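Under the numbering used here, the very last position in the sequence shown is 159; numbers go up by exactly one each time.
Here is the structure we will look at, set down as structure tokens.
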Amino acid sequence: MKVTEINNLLKGKGLKITKVRKGLLSEISKSPKALDIGQIQKKLSKKNITPNLSTIYRETQTLEKNNIIASCEIFGKKEYRVKVKGEVAHCLSCNKITPLSPSTTKKIKNLDLQLNDARSFSIFQENSHLHGLCNKCSS
Ligand SMILES: [Zn+2]
Ligand SMILES: [Zn+2]
21 MKVTEINNLL
31 KGKGLKITKV
41 RKGLLSEISK
51 SPKALDIGQI
61 QKKLSKKNIT
71 PNLSTIYRET
81 QTLEKNNIIA
91 SCEIFGKKEY
101 RVKVKGEVAH
111 CLSCNKITPL
121 SPSTTKKIKN
131 LDLQLNDARS
141 FSIFQENSHL
151 HGLCNKCSS
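Structure representation (structure tokens):
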């Protein structure tokens, strides 16, 4: 995301534009992989932005509440990525996030509905993304 995009996004949500917030969003949106809090801190410190972990944690919560970023927990570690439209696939091995095409997203939604029918219970996909292995990691 460009600086102007980030500023507009934050403004649009009624959020104050702070150095930490901007830096955080820039790093998360730039990264092809989901990042945990420690990795975010490392990336920020390279830019001379040095919030402590609890600040980063608080900021990610704010951004998540405002639907700007999404998180998931793998192996007990919370990881953050930018929220995009449609489904994404999240590689459990290298953490890479791959957006899925609208047609794939639709197929998954349909499959979900079929499974719900078949099992007569509902699958909750709160984060709208899939876990698995990317091409690189599965080969
Ligand atoms: Zn995930
Ligand atoms: Zn992978």
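Glycine is no exception: its CB is placed at the ideal position from the N, C-alpha and C atoms.
Quick caveat: nothing in here was measured; it's all calculated off a predicted structure.
field: Arg41 versus Val23: straight-line alpha-carbon distance, rounded
entry: 11 Å
- prompt: Which residue comes first and which comes last in the alpha helix (DSSP H) that contains Lys31?
  reply: 23 to 32
query: Under a criterion of Cβ closer than 5 Å to any non-hydrogen atom of ligand 1, which residues qualify, in chain order?
result: Cys92, His110
field: Leu64 versus Asn87, Cys92, Leu133, Lys39, residue with shortest Cα-Cα distance
entry: Lys39
- request: Could you tell me whether the segment 125 to 140 touches the segment 93 to 102, where touching means 3 or more Cβ pairs closer than 8 Å?
  value: no
message: Assess contact between the segment 108 to 118 and the segment 53 to 60, defined as three or more Cβ pairs (one per stretch) separated by less than 8 Å. Is contact present?
response: yes
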